[in-house]
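Engineer:
Residue numbers (the UniProt record's numbering): 1 to 125.
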């Protein structure tokens, strides 16, 4: 069983209930492919400028998370024919993912559901 934490963006919290993220998690698909029997450990909403992302990652780890996934909408945008890399909600996502991984000492992954065509989720350890 893989315990997963998710960090989402405040800019999307009133528009997206994470339905597709939870569906992908429960079926070990998209950003969660390769996770054995994934189970949610918790969800946090990151608020700009992300000053507490390290704390969120440490708390998720304390709740059993073995990996923390950052939602695809942080670094990708929805287009007519699917999702494309770039112009996501967070201009600083790479730094925040690195900061979370360093603070918690567990892998942090860029990607949940709605992965852009050809995108392979980046794992920061």
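A virtual CB, placed ideally from N, CA and C, is assigned to each residue, including glycine.
#1: Please look up how many angstroms separate the CB atoms of residue 48 and residue 10, rounded, as I've assumed it's under 8 Å.
#2: On the three-state DSSP scale, how would you describe residue 106?
#3: Roughly how far, in whole angstroms, is the beta-carbon of residue 5 from the beta-carbon of residue 42, given that I think they are within contact range, below 8 Å?
#4: Looking only at its chain, what residues have a beta carbon closer than 7 Å to the beta carbon of residue 89, apart from the 5 residues adjacent to it on each side?
#5: In terms of residues, what are the limits of the beta strand (DSSP E) holding residue 29?
Structural biologist: In terms of the structure at hand:
#1: Here residue 48 refers to the residue found at position 48 of the chain shown. Here residue 10 refers to the residue found at position 10 of the chain shown. The Cβ separation is near 7 Å, so the contact holds.
#2: Position 106 of the chain shown, counted from the start, is the residue given in the question as residue 106. Three-state DSSP puts residue 106 in coil, outside helix and strand.
#3: As a working note, residue 5 is residue 5 in the chain shown. As a working note, residue 42 is residue 42 in the chain shown. Confirmed, about 5 Å.
#4: On the chain shown, residue 89 is found 89 positions in, with the first residue counted as 1. Excluding sequence neighbours, residue 89 sits near 9, 11, 12, 73, 74.
#5: If you number the chain shown from 1, residue 29 lands on position 29. That residue, residue 29, is in no beta strand (DSSP E); it is neither H nor E in DSSP.
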